[in-house]
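Below is one structure, written out as structure tokens, with a few remarks after it.
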Amino acid sequence: MDNIFLLLGTNVGNTKENLRHALRALEDSHITIKKKSQMHKTKPWGYTDQPDFLNLALHVECEYTPRELLTVIKRIEGNMGRKKGGERWGPRIIDIDILFYDQEVIAEQDVIIPHKEFFNRPFAMKLLCEIAPDFIPPHTGKRLVEHLEGVNCGECEIYCH
20 MDNIFLLLGT
30 NVGNTKENLR
40 HALRALEDSH
50 ITIKKKSQMH
60 KTKPWGYTDQ
70 PDFLNLALHV
80 ECEYTPRELL
90 TVIKRIEGNM
100 GRKKGGERWG
110 PRIIDIDILF
120 YDQEVIAEQD
130 VIIPHKEFFN
140 RPFAMKLLCE
150 IAPDFIPPHT
160 GKRLVEHLEG
170 VNCGECEIYC
180 H
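If you want the numbering used here, it's the 1-based position in the sequence shown plus 19.
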């Protein structure tokens, strides 16, 4: 698949190292990173009484089906110390979301693609637009850069390259 996009986030421990560890784990799992955004420091979304997050977006390629990719991601999160059933939108050592899997639309109990909160999270739109401004999300007919026009991205600063 050519247009698989992931969003990584962390706000527990050494956040920069957490992202680097997750990137290595993805590559070790036969997921090719085609492009990555800069790391951005963002305010928490949902539950706001917690430390800021360090996020980055990825354009990846793999031979996995969406369900297989999710299984690989959950394994990586677990290996890094993420606990199942943690507080929704709470602090986490690593969070890896599948934002888009090409033009696929999947709405099953355990797999929802595109990510259902993507368009409610301006910081996610900004990070993905950094690496794929011309990607057209399924059923929208508009490029990402067009979706971002006029959107207030809140506090989302570049942390490092």
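Every residue gets a Cβ at the ideal spot worked out from N, C-alpha and C, and that includes glycine.
Computed from a predicted structure; not experimentally measured.
Helix, strand or coil at residue i according to DSSP, with G and I counted as helix
| i | result |
| --- | --- |
| V124 | coil |
| G169 | coil |
| H180 | Because H180 carries a pLDDT of 46, less than 50, the predicted location of this residue cannot be relied on, and the following value inherits that uncertainty. Coil at H180, not helix or strand. |
Cut-off 7 Å between Cβ atoms - residues of its own chain near residue i, not counting five sequence neighbours on either side
| i | result |
| --- | --- |
| V31 | P110, R111 and I112 |
| L167 | M144, K145 and C148 |
Opening and closing residue of the beta strand (DSSP E) in which residue i lies
| i | result |
| --- | --- |
| F72 | F72 to E80 |
Buried/exposed call for residue i, threshold 16 Cβ in 10 Å
| i | result |
| --- | --- |
| I132 | buried |
| A126 | exposed |
| K103 | exposed |
| N139 | exposed |
Contact belief for residue i with residue j at Cβ below 8 Å, rounded distance in angstroms
| i | j | result |
| --- | --- | --- |
| F24 | L89 | The pair is not a contact, with the Cβ atoms about 14 Å apart (cut-off 8 Å). |
| T61 | F142 | 4 Å |
Extent of the continuous alpha helix (DSSP H) run through residue i
| i | result |
| --- | --- |
| H59 | No alpha helix (DSSP H) contains H59, which is instead part of the beta strand (DSSP E) from M58 to T61. |
| G97 | P85 to N98 |
Residue i beta carbon near the ligand FAD (any heavy atom closer than 7 Å)
| i | result |
| --- | --- |
| L75 | You won't find the ligand FAD in this model; it holds no ligand whatsoever. |
Other residues of its chain near residue i: CB distance less than 8 Å, five sequence neighbours each side excluded
| i | result |
| --- | --- |
| P85 | I117, Y120, E123, I125, V130 and I132 |
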